[in-house]
Amino acid sequence: TREQITYFGAGPALLPSTVLETAAEALVNYNNTGLGLAEHSHRSELATNILNETKTDLAKYLDVPDDYEILFMQGGGSGEFSATVYNLVNVWVARRKQKILKELNIPEGKEIPEDVLLKELQKAVDEELKVDYLVTGSWSLKASQEAARLIGPEHVNIVADARKVNDGKFGKIPEESTWKLSKNPAMVYYCDNETVDGVEISGFPEVLKPTGGEDDPIVVADMSSNILSRRIPVKNFSLIFFGAQKNLGSTGITVVIIKKSLLPPAVATLAPTLLRKLGLPIGPIVFSYETIAKNNSLYNTLSIFDVYIAGQVLKKLLQTFPDKVDGQQKLADQKAKLIYAALDKYPESYKIVPDKNARSRMNICFRVTHLASGIDESERTFLKGATDQGLTGLKGHRSVGGIRASNYNSISLEGAEKLAKYIEEYAQGPK
Ligand code: PMP
């Protein structure tokens, strides 16, 4: 039964049973309307209420300042690998256009001959356009590869590649002093928690901290696997995105928290015709932040049912933790500590994959070296023993192997305790 299982899968992840039970009812007959939530129009009043309430609760839980917009999108974290590039490159060029007009003393609202503008812009794009990526694991690597595919590798700057400081493998965060940031890039992108490699950046990078000046970096973070698990200084970011399916809700919606200064009217984004002439990619309209923001996330059909599930999770979190995300952070830290402590206690039986100061609280990756017959056999027996106790979803990502315990919000303290106990018991067993 559901009660007998603690599921440590990396995503989709466990959802609170009470939320699923409420959602199951809503799926059949929402609030006695005789229709289920997946059947109601996304433009109905009740849908709008669910959407707005979920936005408000998310902003409340994370203390998202008023000068940020929350968007619900589709296409997952992977979709955002592309969307961030399309949108922020456009913002970069649009701002550059403003600068050029200013330099040429063109009054606001007045245009200059297109060929003059194009020549200046093309020069800026060719010589200066960069997107910066900090590569600390397979997801930030993928995002950087997508950027190279869309705008060309010559425009992608790898700030640091964690494999270079760790024998070709992910598992360390390169020292900030070694990061090679571009001058005025369209964004500096990083992944706050690398789900496959078990690496987490523990705080906002010092070198990216804003000073309030015009040249502050545009910082973009993928928080798909650690959002809602620790307090984040939202105001330091230009954009944060995450798929809902790990710490927030069900698969199907992707959340973008974006600074309003990156949206019209603060920036007048460039028209597709101009982008085309500059050889820059034009993103699908459903990936346009401007379009999604203008339509309160209802440009096209959004899965209100998935928004509802996220909303219910947030209501539960707000009820459980009066101090909001700080409360969840304490619990997440406590659970991770328990599991790492059990692993650290038996260095002969387990090898934790990442460096100590890069250890993720969300995805705990380790190898089992317990049996004399080798790692494969050790991991096989470890997993089998775990399954027998109802501890499931522990197999590591197919690309790296090993064991991965995903310690997302829905894993209870008891669940983490059970896993820690099993880790100890297994290590004490026959070799
Ligand atoms: N970023 C991170 C950190 C992830 O863990 C994942 C998926 N596990 C993705 C991006 C990709 O998300 P999606 O599968 O929703 O496209």
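Residue 146 in the UniProt record's numbering sits at position 144 of the sequence shown; the count goes up by one each step and never skips.
Using N, Cα and C, we set each Cβ at its ideal position, and we do this for glycine too.
Remember, predicted model here, so these are calculated numbers, not experimental data.
Problem - Residue interval of the alpha helix (DSSP H) (run including S80) - result: G78 to E105
Problem - Identity of the residues DSSP links to Y9 by a beta bridge - result: T394
Problem - Separation of R45 from S299, as counted between CA atoms - result: 11 Å
Handout entry: beta strand (DSSP E) runs wholly inside the segment 206-232, at least 3 long, in chain order
Key = 221-224
Practice task
Say whether the segment 105-121 touches the segment 157-177, bearing in mind that this needs 3 or more beta-carbon pairs closer than 8 Å, one atom from each stretch.
Solution key: no
Practice task
Return the bridge partner residues of S408 from the DSSP annotation.
Solution key: N365
Practice task
Using 10 angstroms around the beta-carbon of R400, count the other beta-carbons present and answer buried if the total reaches 16, otherwise exposed.
Solution key: exposed
Exercise for the section: Assign R363 to one of two classes, buried (16 or more other C-beta atoms within 10 Å of its C-beta) or exposed (fewer than that). Expected result: buried
Problem - Residue range of the alpha helix (DSSP H) that includes T275 - result: P274 to K279
Practice task
Using three-state DSSP, classify L143 as helix, strand or coil.
Solution key: helix
Handout entry: Cβ-based burial, Q124 [other Cβ within 10 Å; buried from 16]
Key = exposed
Problem - Beta-carbon gap between residue 1 and L319 smaller than 8 Å - result: This structure gives no information on residue 1, because the portion of the chain shown stretches from 3 to 433.
Practice task
Please name the residue in N228, K296, N238 and D194 whose C-alpha comes closest to that of V327.
Solution key: N228
Problem - Burial state of K248, where buried means 16 or more other Cβ atoms lie within 10 Å - result: buried
Exercise for the section: Look at the Cβ atom of W141, then the Cβ atom of T86, and state whether they are nearer than 8 Å. Expected result: no
Practice task
Tell me whether D199 counts as near the ligand GTP, meaning its Cβ is closer than 7 Å to at least one heavy atom of that ligand.
Solution key: You won't find the ligand GTP in this model; what it holds is the ligand PMP.
Exercise for the section: Run the CB neighbour count on N92, radius 10 Å, all protein chains shown included, and call it buried at 16 or more, exposed below. Expected result: buried
Practice task
Could you pull the start and end residues of the beta strand (DSSP E) that K332 belongs to?
Solution key: Careful: K332 lies outside any beta strand (DSSP E), inside the alpha helix (DSSP H) at V327 to D346.
Problem - Close beta carbons around S146, own chain, < 7 Å, minus the five adjacent residues each side - result: Y135, V137, V158 and I160
Handout entry: Of the residues L373, P235, Y428 and D325, the one placed nearest Y70, counting alpha carbons only
Key = P235
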